[in-house]
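K.L.:
Be aware that the sequence shown starts at 189, since it is given in the working numbering, and climbs by one per residue.
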Amino acid sequence: MNRLPEIERSHRDRSLLIHVATPGSSDVGGAEFRQLAADTGAEILDLWSISRTRLDPATCIGSGKVQEIAEFVRANNVDLLLFDLPLSPVQERNLERACAARVVDRVGLILDIFARRARTHEGKLQVELAQLDHLRTRLVRGWTHLERQRGGIGLRGPGETQLETDRRLIGERIRILKERLARVAAQRGIQRRARLRTPVPTVALVGYTNAGKSSLFNVLTANAQYAADQLFATLDPTIRRLAPEVAGQQILLADTVGFLRDLPTELIAAFRATLEEVNEAQLLLHVIDAAAPDRDEQIAAVEEILADIGADELPRIRVFNKVDLLEDIPPARRDVDGQMTDVWLSAHSGEGVDLLRKAIVARLRQEPLRLQCTLRPEQGALRARLYQLACVLEESFATDGRQFLQIEIDRATWAGLQKHYGAESCQREDLPSTMRP
Numbered sequence: 189m190n191r192l193p194e195i196e197r198s199h200r201d202r203s204l205l206i207h208v209a210t211p212g213s214s215d216v217g218g219a220e221f222r223q224l225a226a227d228t229g230a231e232i233l234d235l236w237s238i239s240r241t242r243l244d245p246a247t248c249i250g251s252g253k254v255q256e257i258a259e260f261v262r263a264n265n266v267d268l269l270l271f272d273l274p275l276s277p278v279q280e281r282n283l284e285r286a287c288a289a290r291v292v293d294r295v296g297l298i299l300d301i302f303a304r305r306a307r308t309h310e311g312k313l314q315v316e317l318a319q320l321d322h323l324r325t326r327l328v329r330g331w332t333h334l335e336r337q338r339g340g341i342g343l344r345g346p347g348e349t350q351l352e353t354d355r356r357l358i359g360e361r362i363r364i365l366k367e368r369l370a371r372v373a374a375q376r377g378i379q380r381r382a383r384l385r386t387p388v389p390t391v392a393l394v395g396y397t398n399a400g401k402s403s404l405f406n407v408l409t410a411n412a413q414y415a416a417d418q419l420f421a422t423l424d425p426t427i428r429r430l431a432p433e434v435a436g437q438q439i440l441l442a443d444t445v446g447f448l449r450d451l452p453t454e455l456i457a458a459f460r461a462t463l464e465e466v467n468e469a470q471l472l473l474h475v476i477d478a479a480a481p482d483r484d485e486q487i488a489a490v491e492e493i494l495a496d497i498g499a500d501e502l503p504r505i506r507v508f509n510k511v512d513l514l515e516d517i518p519p520a521r522r523d524v525d526g527q528m529t530d531v532w533l534s535a536h537s538g539e540g541v542d543l544l545r546k547a548i549v550a551r552l553r554q555e556p557l558r559l560q561c562t563l564r565p566e567q568g569a570l571r572a573r574l575y576q577l578a579c580v581l582e583e584s585f586a587t588d589g590r591q592f593l594q595i596e597i598d599r600a601t602w603a604g605l606q607k608h609y610g611a612e613s614c615q616r617e618d619l620p621s622t623m624r625p
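1. With DSSP collapsed to three states, give me the class of THR587.
2. Does any C-beta atom of chain C lie closer than 8 angstroms to the C-beta of GLN594?
3. When you measure from the CB of GLU280 to every non-hydrogen atom of the ligand GDP, does any distance come out below 7 angstroms?
4. Would you mind giving the Cβ-Cβ distance between LEU270 and LEU205, rounded to the nearest angstrom? I have them listed as a contact below 8 angstroms.
5. The beta strand (DSSP E) spanning HIS207 covers which residue range?
6. With 16 as the cutoff for other CB atoms within 10 Å, does GLN576 come out buried or exposed?
7. Between which two residues does the alpha helix (DSSP H) containing GLN279 stretch?
8. Of the choices ILE298, LEU320, ALA495 and LEU570, whose alpha-carbon is the least far from that of LEU224?
9. How is ALA442 classed by DSSP in three states: helix, strand or coil?
10. I need the straight-line Cα distance from ASP267 to ILE364, nearest angstrom please.
11. If I'm right that LEU320 touches ILE362 with Cβ under 8 angstroms, what's the distance once you round it to whole angstroms?
12. Verify whether the separation of the beta carbon atoms of LYS401 and LEU408 is less than 8 angstroms.
13. Less than 8 angstroms separating the beta-carbons of VAL507 and VAL475?
14. Between SER534 and GLY526, which are expected to be in contact by the criterion C-beta below 8 angstroms, what is the C-beta distance as a whole number of angstroms?
15. Determine the burial state of ARG553: buried for a count of at least 16 other Cβ atoms within 10 Å of its Cβ, exposed for fewer.
16. The beta strand (DSSP E) with ASN406 in it runs from where to where?
17. Report buried or exposed for GLN375, applying the criterion of at least 16 other Cβ atoms within 10 angstroms of its Cβ.
18. Is the Cβ-Cβ distance between ALA431 and ALA410 less than 8 angstroms?
19. Can you check whether the CB of GLN279 is closer than 8 angstroms to the CB of ALA258?
20. PRO274 and ASP244: beta carbons closer than 8 angstroms?
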């Protein structure tokens, strides 16, 4: 069976990086792309930044630039062309033919890094599933020698037969992987339900890759989780208890996979079971690299992925890490209820970590709202979300189909629901004192 292009060989691949800048492109100069490529172990000869107002459907960058790249490849014995955007199978094939070098796009590059970093059984299954999803649209590349056969006795149609065989084999492997991941997800669900039966709240660390989540996780839990100054240093979720001697109560802290701009949809789908830990948390710590030049773009990328997995309405504290690299440190920010929303700290030096611990405990101990929520018949999704995020005390129905839910819910969670579903969709009435439990 064909496999994705292997970036690592016995020698370091001589690589040319192609960063394609389009209108609204966030990674100006391709600094993040260069770091991604460096993490694969490739020998980087140069990085070309090409500006395009419109991507060419045949080659992505246009015939003129393709010719320039082909000349550079011949002159410098380039083995590999790495593109900082997703390419279609046709674009990859045309570029490889014109430049006489292997071509790997952004999706293939990230998949290669994930394959290197996955350590647990679940992580390896997730990466293999994403690789196969990416590969099955590119099978034609490996069998062009069969497609050139022109028929005749004993020669008619072998290319098509081989391609269909490979598609069937890949489809069968994908089915098996999905079944295995479903079993892993079921096991996680059992473990999660066991945790939910005990009154121990869970706090999940989320954030852009290399923002310092694992370093902060180690500081908060006195753990030895692997942490390094590289993208996707850890892929597999880890759950430990927050240091009890400081927190004053038992709190679970979950470290999750880092996010990235333009994260391949195959990976988001494959890691959805892992990211369920985020959805089940009572509080999110959004860890942000305070010293990153593109900090705002990184924040927006994380918020977009949180919305994609349905976690955008969960309460959160924004944690600005690496303040030891800043000259001026802004003060902590609080909301109208006096709860901290922004905390500035350094996991490396420990500055501000105690303030974050206090903010976590204060947020989890905050007095919840007790209210009655009126839902229309078509608001089934909101009703299901309330049952997931709130404690439903009582439910009744009117003759016109309206539903009345008496609930107890965290204030920040309620505010997030209003933001996500619209304030007019979340009608509330504070329960009178006689109705309070």
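Glycine is no exception: its CB is placed at the ideal position from the N, C-alpha and C atoms.
P.N.:
According to the data block:
1. coil
2. This model lacks chain C altogether, as it is built from one protein chain only.
3. This structure lacks the ligand GDP, and indeed carries no ligand of any kind.
4. 5 angstroms
5. 202-209
6. exposed
7. 277-287
8. ILE298
9. strand
10. 34 angstroms
11. 5 angstroms
12. no
13. yes
14. About 25 angstroms; that fails the 8 angstroms criterion.
15. exposed
16. Taken as a continuous stretch (DSSP letters only), ASN406 belongs to no beta strand (DSSP E), being part of the alpha helix (DSSP H) at 401-409.
17. exposed
18. yes
19. no
20. no
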